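Notes follow once the structure below has been shown.
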Amino acid sequence: MIPIANDLSTPGEIASLLAGADPETIEVLTRILQRDGITSGCCFSQYCNGNFHAHAPTHANVQGSAEAT
Amino acid sequence: MRMRQPMRMSKALLKRHDASELTDLAQAGYFAELPARGLSQGPEAAVQRIAIANGVAPDRSGCNAPCIVHLRDKLWDLLHDSTFGFALAVTAPHTHWIGERPIIVSLCQSGYRVGHLALHAQGLYTPISFLLTDAGPLPYEWADDSLELTDAELERVRPAIATLCEDPEVAGLPLGLTLNFRFKSLFSEEPVTTVEYEESHVPGETASESRIARLQDVPHAWADPAFGQVAWHAFSDREFHLTEGHANLLAALRMRLGSLRNPADADRILQQALELVSCLH
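Quick note, the sequences are listed as chains A and B, same order. To get the working numbering, take the position in the first sequence, counting from 1, and add 128. To get the working numbering, take the position in the second sequence, counting from 1, and add 878.
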């Protein structure tokens, strides 16, 4: 049994939702969710010059810190 | 100056232009007219328009924004071909440089340059980003010939974009479409997540150009609060004929993954979840 975590964005939470589905459905949903990640972003600040640290000195505390990638 | 005969111009606007033709467009007032046609100044204003239209800011997948879903579904209904989801992206249409000149995208060593780049007399310029209007798709960015966009690829996507605009519901959406050429061939099924940032050559002055880079080359970008999503994929869920139960499950999964700003984080968590699930089967 996969425990349901309190954090809505943990692998355990996602897995608990998927666990009841059959393998074919999991495959389809995975394909859709992977497509959801096709994106691009843009800096909303002027004078950026790619200095993203300059905007966010506390960026390490922001959810989704890209160092993890 | 009012743009002359936009409806009649639209079809011709989808073709490649040389420098003199782009200059003619400028003199006809085309670029000055684009803000009134839906081109926002800056990404924040463009995303805000989508949020106002939907009552919610679009999340990572864009699936919480009905107008984005609507455009994707229309694209699927028109073509029944998922490969267009790789060739196109839904955008919050904006520019960093409102003015009387075209925005040009050009290949450079680290990725792409974007801005009011100098036009070359011998150059050919391909429209790559479009406003969706009742006058048809109106381009607002052009690629120079450093980008390899083939005639065959363009002949596939141009009619699709034009036909979409014939739907009055699509033409009223606060969205744009762009060719997803970045770091890949147009119909390649290996899309690359990218980031764009303004680059000023003079400290303290408004940037004259942007750079587009791979996310992997600017790894801190998504963690920066000044950074936002401005494009979403163009796939429709209709392709999969999901049952109501499966659609509800998908919505629940999206709600959780959609809270993650960084698409790389969402991918990582999804992969870890799949490994957990595989242990059960």
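Yeah, the Cβ is synthetic: ideal placement off N, Cα and C, and Gly gets one too. Keep in mind it's a predicted model, so treat the numbers as computed, not measured.
Length of the line joining the Cα atoms of residue i and residue j
| i | j | result |
| --- | --- | --- |
| L1154 of chain B | R894 of chain B | 50 Å |
| R953 of chain B | L1042 of chain B | The sequence given here places Leu at residue 953 of chain B; Arg does not occur at that position. Computed Cα separation, rounded: 7 Å. |
| L1179 of chain B | A943 of chain B | Nothing about residue 1179 of chain B can be read from this structure; chain B reaches only from 879 to 1159. |
| E1173 of chain B | H958 of chain B | This structure does not reach residue 1173 of chain B, given that chain B is present from 879 up to 1159, and the question cannot be answered. |
| P1046 of chain B | V947 of chain B | 16 Å |
| I1039 of chain B | L995 of chain B | 26 Å |
| R1132 of chain B | R950 of chain B | 16 Å |
| R979 of chain B | T969 of chain B | 21 Å |
| A143 of chain A | A1130 of chain B | 12 Å |
| W1110 of chain B | R1089 of chain B | 19 Å |
| S988 of chain B | L1158 of chain B | 44 Å |
| V1096 of chain B | V1073 of chain B | 7 Å |
| A1151 of chain B | D955 of chain B | 32 Å |
| S168 of chain A | S939 of chain B | 11 Å |
| P1036 of chain B | R915 of chain B | Before going on, a small fix: residue 1036 of chain B reads as Arg here, not Pro. Taking the straight line joining both Cα atoms gives about 19 Å. |
| D902 of chain B | L146 of chain A | 56 Å |
Contact set between residue i and chain A, taken where Cβ atoms lie within less than 9 Å
| i | result |
| --- | --- |
| Y990 of chain B | Simply none; closest approach about 11 Å. |
| G987 of chain B | Looking at the sequence shown, residue 987 of chain B is not Gly but Gln. Simply none; closest approach about 14 Å. |
| I851 of chain B | There is simply no residue 851 of chain B to check, as chain B begins at 879 and stops at 1159 in what is shown. |
| T1071 of chain B | G165, I166, T167, S168 and G169 |
Simplified DSSP state of residue i, which is helix, strand or coil
| i | result |
| --- | --- |
| T1028 of chain B | coil |
| W975 of chain B | coil |
| G1106 of chain B | strand |
| I982 of chain B | strand |
| G993 of chain B | strand |
| D150 of chain A | coil |
| H1111 of chain B | strand |
| S1007 of chain B | strand |
| V1073 of chain B | strand |
| H895 of chain B | strand |
| N189 of chain A | Confidence is the limiting factor: at N189 of chain A the pLDDT is only 35, short of 50, which leaves the residue's position unreliable, though a coordinate-based value still follows. It is helical. |
| A1021 of chain B | strand |
| L1131 of chain B | helix |
| A143 of chain A | helix |
| P1037 of chain B | helix |
| I130 of chain A | Its pLDDT being 37, under 50, I130 of chain A is placed unreliably in this model, and the value from its coordinates should be taken loosely. In the structure shown, I130 of chain A sits in coil (DSSP, three-state: anything other than H, G, I, E or B). |
| E1087 of chain B | strand |
Contact list for residue i against chain A, beta-carbon separation under 7 Å
| i | result |
| --- | --- |
| A1151 of chain B | P139, I142, A143 and L146 |
| P936 of chain B | Those within 7 Å of P936 of chain B in chain A number zero; the least Cβ separation is about 10 Å. |
| V1155 of chain B | A143, L146, A147 and I154 |
| P921 of chain B | C170 and F172 |
| L1158 of chain B | A147 |
Paired residues, beta bridge with residue i - DSSP
| i | result |
| --- | --- |
| S939 of chain B | Bridge partners of S939 of chain B: none, in fact. |
| R1092 of chain B | B:T1072 |
| L1055 of chain B | B:V968 and B:F1008 |
| G169 of chain A | B:V1073 and B:Q1107 |
| S918 of chain B | B:H972 |
| L1154 of chain B | Answer is none; L1154 of chain B lacks a bridge partner. |
| L1002 of chain B | B:D896 |
Chain A residues whose Cβ lies nearer than 8 Å to that of residue i
| i | result |
| --- | --- |
| Y1018 of chain B | Chain A residues near Y1018 of chain B: none, gap ~15 Å exceeds 8 Å. |
| L1009 of chain B | What L1009 of chain B touches in chain A: nothing, since even the nearest Cβ is about 17 Å away. |
| E1074 of chain B | S168, G169, C170 and C171 |
Below-8 Å beta-carbon distance, residue i vs any chain C residue
| i | result |
| --- | --- |
| L1053 of chain B | As a matter of chain content, chain C is missing from the structure shown, whose protein chains are A and B. |
Please list, in chain order, the residues of the stretch 941–963 of chain B that have any C-beta partner in chain A closer than 8 Å. If the cut-off is 8 Å between Cβ atoms, the stretch 941–963 of chain B has C941 and G963 near chain A.
Residues within the stretch 1103–1135 of chain B neighbouring chain A, beta-carbon criterion of under 7 Å: Near chain A, meaning a CB-to-CB distance below 7 Å, the residues of the stretch 1103–1135 of chain B are P1103, A1104, F1105, G1106, Q1107, V1108, A1109, W1110, H1111, F1113, D1115, F1118, H1124, L1127, L1128, A1130, L1131, R1132, R1134 and L1135.
Return the residues of the stretch 1137–1151 of chain B that lie within a Cβ-Cβ distance of less than 9 Å from chain A, sorted by chain order. S1137, L1138, R1139, N1140, P1141, A1142, D1143, A1144, D1145, R1146, I1147, L1148, Q1149, Q1150 and A1151
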